[in-house]
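Numbering (my numbering), first residue to last: 5 to 420.
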């Protein structure tokens with residue numbers, strides 16, 4: 005468990021949290037609809053209920069048989085690494101086709117008209133991790149848009165935000181015009197505090213998709229928005245290969261920024277996004293630099309590590325592990341932005357920003373897509389103060405709480 009270092013409690017299980025899939029079998033209007041129509045399912049390995057039963061098994065138990073499945077990035081089975089094309093497949097248990105929504109073109113991210121023509125309803129159940137880079141929410145939105153265009157109603161099973169829905173934890177500047185991409189399809193803060201249902205409902209309503217008709221949402225019950233996933237009285241099921249724990253999700257809004265650099269974000273280790281570095285990094289110097297920024301809520305522990313795959317595979321890297329000491333004062337976006345700035349300052353000859361294609365875009369550096377503009381990258385390259393750059397990147401739009409209220413209202417309008 006990723007607990008504050010000064011408390012170290014056992015699992016803080018609280019009141020029972022019911023996600024959309026938990027509620028599904030208790031909703032006769034929905035189950036009878038699924039039983040009498042052709043429907044498709046967009047899901048992945050973390051699409052499980054309170055008993056850790058996968059949505060495919062839940063549907064079989066209630067007598068509902070999907071006509072086909074859709075899988076997002078990493079695949080329906082979750083086997084693929086990041087940014088790896090996923091082929092179509094067939095479900096071994098039901099024989100139904102599995103349509104990949106992650107190919108080599110942006111157009112591959114949406115269900116095709118011929119796939120939607122074979123179903124009458126699309127059921128979506130994807131676990132998000134509360135950061136705008138995490139692509140599942142955008143897959144859900146693209147699928148909703150495509151289904152609405154095809155006249156296929158969507159039923160979305162909502163889930164809580166595992167790193168809280170608190171307004172106190174909002175962090176990260178929204179993207180500037182021209183910097184939208186699959187790691188941020190619409191302008192929102194990096195750490196936005198919305199559920200996947202709230203996000204999809206927000207933009208669906210803005211686009212004129214009828215809520216409660218073209219888009220219906222089975223909402224969450226019993227969720228305290230101030231609580232993290234380890235207070236939900238259920239295990240954390242990893243939604244992608246490098247998101248193994250709630251701890252990973254907490255640091256991810258910052259740790260993912262390293263994808264825009266040649267620093268290892270810890271893929272190929274047992275603690276991705278917490279362990280970071282490169283062969284030319286002095287971990288002690290990096291840890292000292294982070295302490296000097298005055299940023300709170302974490303301890304940067306110097307270490308060496310050897311990734312087994314991806315960046316610097318097989319090489320001994322110097323770096324740090326970010327240990328979260330106080331979840332409510334820890335600011336992942338600010339912390340990792342400062343880390344990137346300090347790493348470049350330590351060794352500008354070896355540090356580089358990623359320039360190759362990133363999530364279907366090859367004209368804008370990945371770091372710019374992740375931070376939402378080119379200003380942070382340019383400031384880092386100019387050697388500006390790490391804390392100042394971190395504050396610029398991490399400061400959210402002050403009107404975002406108003407947008408959260410709009411999203412909540414949209415969710416209620418679509419609620420089943």
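A virtual CB, placed ideally from N, CA and C, is assigned to each residue, including glycine.
Spatial neighbours of residue i in its chain, beta-carbon cut-off 8 Å, leaving aside the 5 residues before and after
{"i": "residue 24", "result": "129, 160, 161, 162, 163, 201, 221, 222, 223 and 224"}
{"i": "residue 358", "result": "263, 264, 265, 266, 369, 370 and 371"}
{"i": "residue 32", "result": "none"}
Closest residue to residue i among the options (Cα-Cα distance)
{"i": "residue 77", "options": "58, 113 and 214", "result": "113"}
{"i": "residue 148", "options": "410, 204 and 373", "result": "204"}
{"i": "residue 214", "options": "195, 271, 151 and 258", "result": "151"}
{"i": "residue 270", "options": "305, 229, 299 and 313", "result": "313"}
{"i": "residue 40", "options": "63, 50, 48 and 181", "result": "63"}
{"i": "residue 350", "options": "289, 303 and 406", "result": "289"}
{"i": "residue 107", "options": "38, 118, 91 and 101", "result": "91"}
{"i": "residue 2", "options": "310, 410, 385 and 377", "result": "Because the chain is modelled from 5 through 420, residue 2 falls outside the range shown and cannot be assessed."}
{"i": "residue 282", "options": "319, 418, 246 and 247", "result": "319"}
Span separating the alpha-carbon of residue i from that of residue j
{"i": "residue 5", "j": "residue 326", "result": "Summary for residue 5: the model assigns pLDDT 41, below 50, so the residue's position carries little reliability; its value from the coordinates is reported in the next sentence. Those two C-alpha atoms are separated by around 14 Å."}
{"i": "residue 363", "j": "residue 89", "result": "11 Å"}
{"i": "residue 316", "j": "residue 212", "result": "47 Å"}
{"i": "residue 174", "j": "residue 99", "result": "43 Å"}
{"i": "residue 254", "j": "residue 352", "result": "29 Å"}
{"i": "residue 14", "j": "residue 210", "result": "Summary for residue 14: the model assigns pLDDT 38, below 50, so the residue's position carries little reliability; its value from the coordinates is reported in the next sentence. Their Cα atoms are separated by approximately 42 Å."}
{"i": "residue 30", "j": "residue 179", "result": "40 Å"}
{"i": "residue 338", "j": "residue 277", "result": "14 Å"}
{"i": "residue 367", "j": "residue 238", "result": "42 Å"}
{"i": "residue 87", "j": "residue 257", "result": "18 Å"}
{"i": "residue 59", "j": "residue 73", "result": "11 Å"}
{"i": "residue 390", "j": "residue 381", "result": "11 Å"}
{"i": "residue 47", "j": "residue 191", "result": "25 Å"}
{"i": "residue 101", "j": "residue 94", "result": "4 Å"}
{"i": "residue 373", "j": "residue 299", "result": "24 Å"}
{"i": "residue 115", "j": "residue 145", "result": "11 Å"}
Local Cβ density within 10 Å of residue i, reported as buried at 16 or more and exposed below that
{"i": "residue 12", "result": "Annotation note: pLDDT 36 at residue 12 (below 50); position unreliable, no value reported."}
{"i": "residue 153", "result": "exposed"}
{"i": "residue 231", "result": "buried"}
{"i": "residue 332", "result": "exposed"}
{"i": "residue 56", "result": "exposed"}
{"i": "residue 355", "result": "buried"}
{"i": "residue 36", "result": "exposed"}
{"i": "residue 409", "result": "exposed"}
{"i": "residue 302", "result": "buried"}
{"i": "residue 110", "result": "exposed"}
{"i": "residue 217", "result": "exposed"}
{"i": "residue 403", "result": "exposed"}
Other residues of its chain near residue i: CB distance less than 6 Å, five sequence neighbours each side excluded
{"i": "residue 260", "result": "137"}
{"i": "residue 9", "result": "With a pLDDT of only 40 at residue 9, under the threshold of 50, the placement of this residue in the model should not be trusted, and no figure is reported."}
{"i": "residue 18", "result": "Confidence in residue 18 is poor, its pLDDT being 46 and thus under 50, which makes the residue's placement unreliable; the coordinate value appears in the next sentence. If we look at residue 18 and ignore the five residues flanking it on each side, its Cβ neighbours are 235."}
{"i": "residue 375", "result": "397"}
Neighbourhood of residue i by C-beta, 7 Å cutoff - its chain only, sequence neighbours within 5 removed
{"i": "residue 50", "result": "131, 241, 242 and 243"}
{"i": "residue 135", "result": "194, 195, 256, 257 and 260"}
{"i": "residue 272", "result": "311, 312, 313, 314 and 317"}
{"i": "residue 120", "result": "150, 151, 154 and 156"}
{"i": "residue 399", "result": "177"}
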